[in-house]
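K.L.:
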Amino acid sequence: MALDASHGTDRKPGDRYRLTHQVRVVTATSLFDGHDAAINIMRRMIQAGGAEVIHLGHNRSVSEIVEAVIEEDAQAVAVSSYQGGHMEFFTYMRDMLAERGAGHVKIFGGGGGVIRPDEIRALEAHGITRIYDPEHGRTMGLAGIIDDLLERSDYFTLNLPSLPADDHRGAPVPTPEALRREDHAAVARMITLTEIGGEPWARVAEGVRARAAASHAPVLGVTGTGGSGKSSLLDELVRRFRVDNPDVHIALLSADPSKRKTGGALLGDRIRMNAIDGPQVYMRS
Numbered sequence: 004m005a006l007d008a009s010h011g012t013d014r015k016p017g018d019r020y021r022l023t024h025q026v027r028v029v030t031a032t033s034l035f036d037g038h039d040a041a042i043n044i045m046r047r048m049i050q051a052g053g054a055e056v057i058h059l060g061h062n063r064s065v066s067e068i069v070e071a072v073i074e075e076d077a078q079a080v081a082v083s084s085y086q087g088g089h090m091e092f093f094t095y096m097r098d099m100l101a102e103r104g105a106g107h108v109k110i111f112g113g114g115g116g117v118i119r120p121d122e123i124r125a126l127e128a129h130g131i132t133r134i135y136d137p138e139h140g141r142t143m144g145l146a147g148i149i150d151d152l153l154e155r156s157d158y159f160t161l162n163l164p165s166l167p168a169d170d171h172r173g174a175p176v177p178t179p180e181a182l183r184r185e186d187h188a189a190v191a192r193m194i195t196l197t198e199i200g201g202e203p204w205a206r207v208a209e210g211v212r213a214r215a216a217a218s219h220a221p222v223l224g225v226t227g228t229g230g231s232g233k234s235s236l237l238d239e240l241v242r243r244f245r246v247d248n249p250d251v252h253i254a255l256l257s258a259d260p261s262k263r264k265t266g267g268a269l270l271g272d273r274i275r276m277n278a279i280d281g282p283q284v285y286m287r288s
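So my numbering is basically just the index in the sequence shown, starting at one, shifted up by 3.
1. Exposed or buried, what is A5 when buried is set at 16 or more other beta-carbons lying within 10 Å of its beta-carbon?
2. For V72, I'd like the list of residues in its chain whose CB is within less than 8 Å of its CB, leaving aside the five on either flank, ordered along the chain.
3. Tell me whether A268 is buried or exposed, calling it buried when 16 or more other Cβ atoms sit within 10 Å of its Cβ.
4. What is the rounded straight-line gap between the Cα of G52 and the Cα of S218?
5. Using 8 Å as the cut-off, can you tell me whether the region 111-118 makes contact with the region 84-94, which would need three or more C-beta pairs spanning the two stretches below that distance?
6. Restricting to Cα atoms, I'd like to know which of L145, P164, G144 is closest to R206.
7. Taking the CB atoms as reference points, tell me whether M96 and I68 lie closer together than 8 Å.
8. Can you tell me the Cα-Cα spacing of T265 and V26, whole angstroms?
9. Hey, could you find the ends of the alpha helix (DSSP H) R141 is sitting in?
10. Take the Cβ of L289 as the centre, count every other Cβ of all protein chains shown within 10 Å, and call the residue buried at 16 or more, exposed below.
11. Figure out for me which residue from G173, Y285, R124 has the closest Cα to the Cα of L256.
12. Taking the straight line between their C-alpha atoms, what separation do you get for S272 and T23?
13. For A8, count neighbouring C-beta atoms within 10 Å of its own C-beta (all shown protein chains included) and say buried if the count is 16 or more, exposed if not.
14. Quick check on DSSP: helix, strand or coil for F159?
Put into structure tokens, the structure is as follows:
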């Protein structure tokens, strides 16, 4: 299971991988698993490598993780699993992502010695991008594992017309006409398109602005210093609003600062949200 840390590049041994796209990675531990020390180390190193990390914490179900990946339009998801149900968990995640039109999303996992070599081979044959085991840690080190994960995740989530055909590894570019509040994937990809900007955004900007101008949805802004309770307040507001207005749709946009040197960021507001499940609520970090 040994793997070269300089996979697919001309980097010399010891050189760190540098991202060429703005990569977003969802991190979590699997359902019924409270062992979050490993994923906490990994998500810090992924962030230090320049990626935006949406951390969900421990004890997360497949449906929670998949919904987060789609709403955040992430390139990859990294999950640690020490609870023994990894075969069912990872294969179900791969299948659900494919069903939701996100088969391009890379899935990474690890579970120390809990996941046997034959199980790793079976999972990767099912479409899991990489399961890291103790042998990878010995031969590559943590830095090598992170570099390998980032390199495999370094792509656009949208198949932009300007990209070469062999770089079309993402999803189709959404159109303004396709935007529906129930279609979280289309909304997420349109937000990504606005972040890319330039000519791809200019193609759809007029249509999106026309749709926005026709909306009567009120916009509420909440600010405050770090740790002041913004996420908890918003979660409670969403919970109460849904109780009184079960048919109304709500969107949450949460902003966190990026590191000036690396461009990485910890987008941690989602971990505080307990009332956002279901098609009525959309969240983007």
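Glycine is no exception: its CB is placed at the ideal position from the N, C-alpha and C atoms.
P.N.:
By the coordinates alone:
1. Per-residue confidence for A5 stands at a pLDDT of 38, beneath the threshold of 50, marking its modelled position as unreliable; no derived number is given.
2. V29, V80, L100, A105, V108
3. buried
4. 39 Å
5. yes
6. P164
7. yes
8. 12 Å
9. 137-155
10. What the structure shows of the chain is the stretch from 4 to 288, and residue 289 is not part of that stretch, so it cannot be assessed.
11. Y285
12. It should be pointed out that residue 272 corresponds to Asp in this sequence rather than to Ser. Spanning the two alpha carbons is a distance of roughly 26 Å.
13. Reliability of the predicted coordinates at A8 is poor, the pLDDT of 43 falling under 50, and no value is obtained from them.
14. coil
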